[in-house]
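Under UniProt numbering, the first residue of the sequence shown carries the number 1, and numbering increases by one thereafter.
Glycine included, each C-beta is placed from N, C-alpha and C at the ideal position.
As the structure is a computational prediction, the values presented were derived from the model and not from experiment.
For reference, the structure is listed below as structure tokens.
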Amino acid sequence: MDFDFDFEDAKPWLIGIGAILLVAGVLFGMTYINVNSAIAKCTAAGYAKPDWSWRVTSCPADEDYASDSVALVVGNTADSPMPKLTDEADKYLRNSLAQTDGDLQFYLYSATPSGSRIQLDDLKVKKAGNVNSFVTNSSQTVDKIDKAIAQPASENGADYFNNIVAAGRAVTTSPSTKSPLVLVVGSGLSDSQPLNFANGDLLHADPADVLAQLKAKGTIAQDDLKGVRIVWSGLGVTTSPQQPLDATEKRNLRNIYNTIFNYMGARLVTDDTVMATESVKTDKTVTPVTVNGLSGGVVVYKLGENSIGFKPGTATIQDQAKANSALDGIIANYQKCPAAKLTVEGYTARPNGTIEATSDLSKSRADAVKKLLVARGVNDAAVMATGKGSSDFEGRVDEKDATGTWNSEKAQANRVVIVTMDSSGGCSG
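Structure (structure tokens):
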């Protein structure tokens with residue numbers, strides 16, 4: 001069969017088909033570019049990468065940074081830098097907004113003694129029909145939060161612990177909550193109970209001893225914050241009038257909170273983003289915390305059984321290496337101020353609930369600690385050791401349980417040696 005193709009007759013058809021293919025190619029190219037541009041915009045803004053489809057209208061949440069219930073505890077107090085969301089905190093908020101399609105359960109607390117809630121109106125993200133609008137609307141919501149946390153505290157004092165606990169309970173109200181999240185911005189230095197760092201000794205205490213005392217007082221409950229993730233920005237970062245913490249103090253502050261929250265079932269993640277140095281503009285005050293190397297001041301170190309443990313009924317130290325490690329901060333401070341005077345006070349428990357004459361044992365234990373200090377270069381004449389027996393000290397707990405029976409675990413918190421370093425007379429001999 002002959003096939004007679006007439007190009008001239010087919011030309012209009014070929015031109016039409018070509019035009020259709022050209023338009024289709026252009027449309028496909030534009031769609032491909034737009035989709036990839038949307039995907040790039042999502043990943044650049046900190047969201048997860050969307051699946052490739054012909055139309056991307058929003059950004060999916062990065063599940064590692066997302067929750068459907070978020071609380072923010074802000075240290076808008078005198079001793080902390082001006083609060084601002086770090087890039088890390090911003091990313092958590094954005095992805096949580098994405099996961100909930102903007103309908104996020106959000107709680108905002110001021111880290112003050114009364115635990116005042118900061119009210120925010122209209123936090124819901126406006127619905128968006130494209131990625132640009134989605135990213136813009138989410139940013140506007142986060143900006144609204146950022147502006148709200150810049151408001152200074154309305155009262156004196158700081159209390160991070162109780163507000164973090166309240167926030168943790170708020171985000172776990174619903175059993176269906178996925179990855180409950182508490183964001184914290186601030187120094188972490190409270191002058192309120194139960195973690196009053198302004199009393200002179202808590203900042204330098206062994207974290208295990210701090211936990212033991214809180215447990216003995218019945219202040220905390222195991223797994224009370226089970227499943228809560230706490231992301232903390234600016235922990236240990238301070239501004240005037242608070243003297244800066246040295247690296248050892250920052251590490252110990254972090255370990256204290258980590259030990260406590262781990263016992264309560266939460267996971268603490270610290271964000272080490274460098275914070276601004278501008279102070280909160282407020283006339284409200286927070287009691288300054290005494291830090292290492294502060295000339296002309298008094299530093300108190302409370303050393304419990306987890307720091308320096310003695311064999312029962314004796315002044316024999318169970319672990320010399322551990323005891324020496326517990327004294328490192330004291331030695332470092334003494335080397336900065338060799339004219340300082342030290343007082344070592346030994347305290348014991350009250351066995352079987354009775355107040356016994358335990359001053360001799362407590363004096364022997366104080367002498368044992370003095371001996372370690374002198375062996376590491378402290379002037380013998382600068383150290384006075386005394387035995388306080390089972391007398392009271394700040395933070396002593398009742399050793400009886402609810403039934404009135406003497407409790408050995410509670411008693412453990414009262415077996416302490418307290419070292420006070422006084423450099424008020426100056427640091428040069």
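Would you kindly report the start and end of the unbroken beta strand (DSSP E) that includes residue i?
| i | result |
| --- | --- |
| residue 105 | 105-110 |
| residue 70 | 69-74 |
| residue 184 | 181-185 |
| residue 299 | 298-303 |
| residue 383 | 383-387 |
| residue 344 | 341-346 |
From this set, the options, which residue's C-alpha is nearest residue i's C-alpha?
| i | options | result |
| --- | --- | --- |
| residue 160 | 287, 364, 110 | 110 |
| residue 299 | 331, 359, 261, 395 | 331 |
| residue 279 | 62, 47, 82, 63 | 82 |
| residue 152 | 245, 323, 285 | 285 |
| residue 258 | 228, 169, 405, 414 | 228 |
| residue 394 | 185, 414, 251 | 414 |
| residue 141 | 358, 94, 418 | 94 |
| residue 183 | 96, 427, 208 | 96 |
| residue 273 | 199, 370, 85, 64 | 85 |
| residue 174 | 147, 156, 105, 187 | 105 |
| residue 376 | 301, 312, 324, 187 | 324 |
| residue 107 | 136, 149, 134 | 149 |
| residue 189 | 248, 287, 135 | 287 |
| residue 92 | 154, 179, 114, 169 | 179 |
| residue 347 | 418, 381, 333, 277 | 418 |
| residue 155 | 113, 185, 186, 162 | 113 |
| residue 326 | 282, 297, 100, 373 | 373 |
| residue 264 | 162, 301, 283, 247 | 162 |
| residue 100 | 63, 75, 136, 115 | 63 |
| residue 412 | 199, 349, 198, 381 | 349 |
| residue 371 | 403, 384, 361 | 384 |
| residue 301 | 244, 223, 199, 312 | 199 |
| residue 282 | 241, 404, 136 | 241 |
| residue 185 | 351, 138, 87 | 87 |
| residue 196 | 253, 171, 138, 222 | 253 |
| residue 391 | 360, 297, 248, 275 | 360 |
| residue 261 | 407, 380, 416, 226 | 226 |
| residue 115 | 138, 247, 75, 135 | 75 |
| residue 224 | 405, 245, 170 | 170 |
| residue 297 | 147, 427, 277, 134 | 427 |
What are the boundary residues of the alpha helix (DSSP H) that residue i is part of?
| i | result |
| --- | --- |
| residue 418 | Segment 417-422 is the beta strand (DSSP E) holding residue 418; no alpha helix (DSSP H) there. |
| residue 363 | 359-375 |
| residue 328 | 328-336 |
| residue 160 | 160-171 |
| residue 89 | 87-99 |
| residue 409 | 408-412 |
Since I believe residue j is in contact with residue i (beta carbons under 8 Å), could you give me their beta-carbon distance rounded to a whole number of angstroms?
| i | j | result |
| --- | --- | --- |
| residue 214 | residue 194 | 6 Å |
| residue 321 | residue 344 | Their Cβ separation, rounded to whole angstroms, is 20 Å, which puts residue 321 and residue 344 out of contact at 8 Å. |
| residue 167 | residue 77 | 16 Å between Cβ atoms; not a contact. |
| residue 73 | residue 145 | Contact doesn't hold; Cβ gap of about 13 Å is too wide. |
| residue 79 | residue 239 | 7 Å |
| residue 329 | residue 363 | Going by Cβ atoms, the distance from residue 329 to residue 363 rounds to 24 Å, so no, they are not a contact pair. |
| residue 47 | residue 98 | 6 Å |
| residue 389 | residue 358 | 4 Å |
| residue 306 | residue 209 | 5 Å |
| residue 237 | residue 187 | 6 Å |
| residue 341 | residue 368 | About 20 Å; that fails the 8 Å criterion. |
| residue 304 | residue 416 | 5 Å |
Quick check: is the beta carbon of residue i nearer than 8 Å to any beta carbon in chain D?
| i | result |
| --- | --- |
| residue 134 | Annotation note: the requested chain D is absent from the structure, which comprises a single protein chain. |
Practice task
Flag this pair as touching only if the region 68-81 and the region 217-227 have three or more C-beta atom pairs under 8 Å; answer yes or no.
Solution key: With the cut-off at 8 Å, the region 68-81 and the region 217-227 do not touch.
Practice task
Say whether the region 288-308 touches the region 192-211, bearing in mind that this needs 3 or more beta-carbon pairs closer than 8 Å, one atom from each stretch.
Solution key: yes
Practice task
Check whether the region 332-350 touches the region 416-429, counting contact only when three or more Cβ pairs, one atom from each stretch, lie closer than 8 Å.
Solution key: The region 332-350, when compared against the region 416-429, does touch it at the 8 Å Cβ threshold.
Handout entry: Contact between the region 232-241 and the region 267-274 (3+ Cβ pairs under 8 Å)
Key = yes
Problem - At least three beta-carbon pairs within less than 8 Å, the region 315-323 to the region 399-419 - result: no
Handout entry: Sequence ranges, alpha helix (DSSP H) only - wholly within the region 193-225, length at least 4
Key = 207-217
Handout entry: Minimum length 4: unbroken alpha helix (DSSP H) runs contained in the region 217-285
Key = 247-263
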